[in-house]
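Residue numbers (the UniProt record's numbering): 1 to 722.
Beta carbons are placed, not taken as given, at the ideal position from N, Cα and C, and that holds for glycine.
All values derive from a computational prediction rather than experimental measurement.
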């Protein structure tokens, strides 16, 4: 039973009765919605009686006006996201391919409701869904039967008539959900925050807004690609879905028909309240309508081919007829044979459906990568043309990378896993050792160069071989409303700088000099806030830009603070004159015991923030060694601070490569040198999306269909010509 409330400030009363009927009275043209998601306290009430009325808002509940604003913004972002994708895939053309569905005859659903619609067009799926007694729907179909397209169109259709009292439809792919490890609501709340970072803004949305939306029934989950989960998880996923949604929540799921049927048989359980429909094959008439929609009347190539299929006494058995029942194959055929000199009659020469589909999948890339003129007025967003063989090689790498990770998402922050950790570690160790070794050599000679270079090289090898992918940081620089946090962080940074100066036995005045740079370095992170612009819908390019901002800000702060510290200590401190005990000389080296501690602490901070547990250990040891070794102070303060700048930039370089954007740039450079990715991978991926090869789902890219991805992963990217 839902909570009831009375708000005298708005003269609004809502009463929830045991039958589920809600009476709402409104004044001054304003209606308040029940948003607490809780239940009425007190004893149970009989049907038809009014339950206990609570005055005000349940403790911990989100204010109604805030919830409405959040839901409206979420709906706007989801609408923009999928409207752009529909446009990119040309699904909103004047003559789209018309898809139909029917109620399934498979034993995977409870008995259908009396009078429920048995068959209809996809463009009428919204009306059908709204008429369901319980708005839970499962869309089944064969591979490439239009399930994902139907999910996109259904999502947009529901949003076009969105009412703030309704849950917000949110389309997600299931590939990142592990139903044995993560509850559906937990996963959905996490994914919502990742795709829509504004939900993490505590000032604007409150605490745990994504979780409140999910558990309060304010989100309609549109779960696509249930079959993309590992086969051993299909049955468990159905059980988890049924337990999570029950009969209250709304849900739409898309899955391969055979996989769903097998999962139901293995689990012995169905989605109890869900209506199950199945995508119908494309008929020859609808295929002809789509294939000829953009052709001049004199162009009768497809009419002639389809006439021969109809004239065949057993045309359903003709391989081309079978292939053209798939919306994907119809769309590929239209793209491939759009040029006037391309003859679709070659498709009649294949002896089986698999041969035709393999031919269409192979011929699609050359058609997609035909040279195109740049867009008028302005810079090109991507290279004007890639050779099909070249694009195929890069896309083949992406497809294999996705299949290896058992996902349909190509996430830029996971590209680093395509490079073996030992390779990353070796390259990073060599570069890091050389950079720090040169700085140490300049400061104190060749022996000091080795003391600087070797520990940092070993630390770099350790952190790169053990590094794991991190999700990107989705923030932007915002100054408004950051005055208080900036002052608080700056005060903390000021204290840290002075304490570090005293730790390195700097004179009082010089120790104070470290306060302002550390204050700025720590305080500027207050400017990194959750994005506030509702027009900035999550996309791969935007998430990369946001993480790059956070990464460079973090690297700059470490470069500034560590660089000034190194320069000041090098210019004003003589470790050999310290009153504290030291160790040595050992092979001509002396270690100052007191300097080891602040150096180890600084290294621990760098490693922990950038690489985690192994990073804190590796760079903690390296920092202790480098800081504790004794070498003469600089004669020239200018040289000391110049070398400090170099040391700070080197530390910033270490920090940057430990963050998602830095790791992505590093991995892409190695992959580009080996020819597996272009030097501008994001521009290439966006260009592939514009050409219809890829699609975009929030912050990741996906192939327009798993069939194309699997075809490329099998190494068939080179079969271009008919």
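A Cβ-Cβ contact shorter than 8 Å links residue 223 with residue 172. The Cβ atoms of residue 644 and residue 627 lie no closer than 8 Å to each other. Residues of the same chain with a CB within less than 6 Å of the CB of residue 335, apart from the 5 flanking positions on each side, are 367 in chain order. Residue 147 and residue 615 have their C-alpha atoms spaced approximately 45 Å apart. By alpha-carbon distance to residue 389, the top candidate from 678, 90, 337, 252 is 678. A direct Cα-to-Cα measurement between residue 359 and residue 143 gives close to 17 Å. Per DSSP, reduced to three states, the secondary structure at residue 275 is strand. In terms of CA proximity to residue 273, 249 leads the group 263, 292, 249.
Spanning the alpha carbons of residue 151 and residue 657 requires a straight line of approximately 38 Å. Of the residues 276, 542, 394, 523, the one whose Cα lies closest to the Cα of residue 472 is 542. The shortest C-alpha to C-alpha distance from residue 639 to any of 682, 159, 564, 78 is the one to 564. In the structure shown, residue 224 adopts extended strand secondary structure according to DSSP, grouped into three states. Under the DSSP assignment, residue 626 falls in the alpha helix (DSSP H) whose first and last residues are 613-628. Each residue's CA atom was taken as its position, placing residue 646 and residue 570 some 13 Å apart. In the displayed model, residue 469 falls within coil according to three-state DSSP, outside both helix and strand. When DSSP states are grouped into helix, strand and coil, residue 412 belongs to the helix group. Bounds of any alpha helix (DSSP H) do not take in residue 252; it lies within the beta strand (DSSP E) bounded by 251-256.
Here residue 229 is buried: its Cβ has 16 or more other Cβ atoms, across all protein chains shown, within 10 Å. Listed as beta-bridge partners of residue 144 by DSSP are no residues whatsoever.
Bounds of the alpha helix (DSSP H) holding residue 319 are 319-323.
When Cβ pairs closer than 8 Å are counted between the two stretches, the stretch 201-217 is seen not to touch the stretch 94-113, the count staying below three. By the criterion of a C-beta distance shorter than 8 Å, residue 352 is surrounded in its chain by 319, once the five residues flanking it on both sides are discounted.
CA-to-CA, the gap between residue 555 and residue 89 works out to about 39 Å. Residue 258 is classed as exposed because its beta carbon has fewer than 16 other beta carbons within 10 Å across all chains shown.
Rounded to whole angstroms, residue 692 and residue 685 show a C-alpha spacing of 11 Å.
Proximity of the stretch 400-414 to the stretch 457-474 meets the contact definition, three or more beta-carbon pairs being nearer than 8 Å.
Short of 7 Å from the beta carbon of residue 705, and not among the five residues preceding or following it, lie these beta carbons of its own chain, in chain order: 144, 328. Annotation for residue 460: 428, 429, 432 place their beta carbon closer than 6 Å to its own, counting only its chain and skipping 5 residues before and after.
Shown here, residue 394 sits in a helix according to DSSP, grouped into three states.
Closest in alpha carbon position to residue 651, among 702, 66, 439, is 439.
Ranking 682, 483, 486 by CA distance to the CA of residue 701 puts 682 first.
DSSP assignment within the stretch 188-234 yields the following whole beta strand (DSSP E) runs of 3 residues or more, N-terminal first: 219-224. By DSSP's assignment, residue 695 forms a beta bridge with 702. For the 8 Å CB-CB criterion, residue 305 and residue 220 do not form a contact. Residue environment for residue 94: exposed (fewer than 16 other C-beta atoms within 10 angstroms of its C-beta). With respect to the C-alpha of residue 446, the residue from 138, 631, 253 having the closest C-alpha is 631.
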